[in-house]
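Accompanying notes for the structure given below.
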Amino acid sequence: MKILVSMISLIAFLLVALPAPLHKFGFLDLGTAMTGFRFGLFVGIAALVLLAIQVIFKRKTVSLASAAVTVIFSAIAIALPLGMMNNAKSVPPIHDISTDLVNPPEFIAIVPLRADASNPVEYAGAETAEQQRTAYPDLQTLTYSQSQPELVDASKQAIENLGWELVNTDADKGIIEATDTTTWFGFKDDVVIRVTDNGNERLVDIRSKSRIGKSDMGKNAARIHSLIDELNSVIEAS
194 MKILVSMISL
204 IAFLLVALPA
214 PLHKFGFLDL
224 GTAMTGFRFG
234 LFVGIAALVL
244 LAIQVIFKRK
254 TVSLASAAVT
264 VIFSAIAIAL
274 PLGMMNNAKS
284 VPPIHDISTD
294 LVNPPEFIAI
304 VPLRADASNP
314 VEYAGAETAE
324 QQRTAYPDLQ
334 TLTYSQSQPE
344 LVDASKQAIE
354 NLGWELVNTD
364 ADKGIIEATD
374 TTTWFGFKDD
384 VVIRVTDNGN
394 ERLVDIRSKS
404 RIGKSDMGKN
414 AARIHSLIDE
424 LNSVIEAS
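Note that the numbering used here gives residue 419 to position 226 of the sequence shown, counting from 1, and the numbers run on in steps of one.
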């Protein structure tokens, strides 16, 4: 039974650890990957239950090493899905975030790249805007004293520093577009930066949108925050 329990906990761990990279490299579709990920949670719980039964009724067959392996693998298999579920519950089920909710920056060069995306390129609308105002009230239009060309260059540098793929730069229109690929599942999310003149200051707006999925689990807002921080660092260093 000792080997059986350890094997079940290993299976639980693999069900959680493998689906994301297998999906990222094209071996699994997203639905199958997420099914495996969720199933790993239940297999991990089953492994701990079996370990408890073994300890109660067959104590002599339990070794410290096998018990430790079972607990570690099962804990990972349980903690990762639960962490994702809790994170999803803590943020609104939206996937289109912008610092300008009235006139969000529009994607241009990225449009054909999203041809097969389940989420349309158009802004998600008033309901999404209202949910964003409640969840991320700090995400608003940025103001700078630097010139438009300087801010375009700084934005390009910030994107490069963050390791995103630069898709398009239109210095005349003050538009910069990029794609960020998430580390684990390999999801592709798109970003557009718009720099406009407003008298003695320049306005910078940023929009980040997922290609698939109803909820981004807060990823797009976090991405905008990261870009703002990096942009400010580049500007301060120049």
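Cβ coordinates follow ideal geometry from the N, Cα and C atoms, glycine included.
Segment limits, alpha helix (DSSP H) that includes residue i
i	result
residue 429	412-430
residue 359	Premise fails: residue 359 lies in the beta strand (DSSP E), 358-363, not in any alpha helix (DSSP H).
residue 285	Here residue 285 belongs to no alpha helix (DSSP H), and DSSP marks it neither H nor E.
residue 211	Counting along the chain, residue 211 falls outside any alpha helix (DSSP H), and DSSP gives it neither H nor E.
Proximity of residue i and residue j at Cβ, strictly below 9 Å
i	j	result
residue 230	residue 273	yes
residue 363	residue 412	no
residue 227	residue 212	yes
residue 417	residue 388	no
residue 373	residue 358	yes
residue 396	residue 306	no
residue 266	residue 202	yes
residue 244	residue 205	no
residue 338	residue 393	yes
Beta bridge counterpart(s) of residue i as assigned by DSSP
i	result
residue 403	382
residue 337	395
residue 291	400
residue 389	396
Limits of the beta strand (DSSP E) - the one that residue i falls within
i	result
residue 372	368-374
residue 327	From DSSP, residue 327 is part of no beta strand (DSSP E) but of the alpha helix (DSSP H) over 319-328.
residue 301	Segment: none, residue 301 is in no beta strand (DSSP E) and carries neither H nor E.
Please specify which runs of the alpha helix (DSSP H), each continuous and at least 4 residues long, are wholly inside the segment 224-256, giving them in chain order. Segments of the alpha helix (DSSP H) lying fully in the segment 224-256: there are none.
Flag this pair as touching only if the segment 278-286 and the segment 341-356 have three or more C-beta atom pairs under 8 Å; answer yes or no. Judged by Cβ distances under 8 Å, the segment 278-286 makes no contact with the segment 341-356, as fewer than three pairs qualify.
Segment contact flag, the segment 314-330 with the segment 282-301, C-beta cutoff 8 Å, min 3 pairs: Using a C-beta cut-off of 8 Å, the segment 314-330 makes contact with the segment 282-301, since at least three inter-stretch Cβ pairs fall below that distance.
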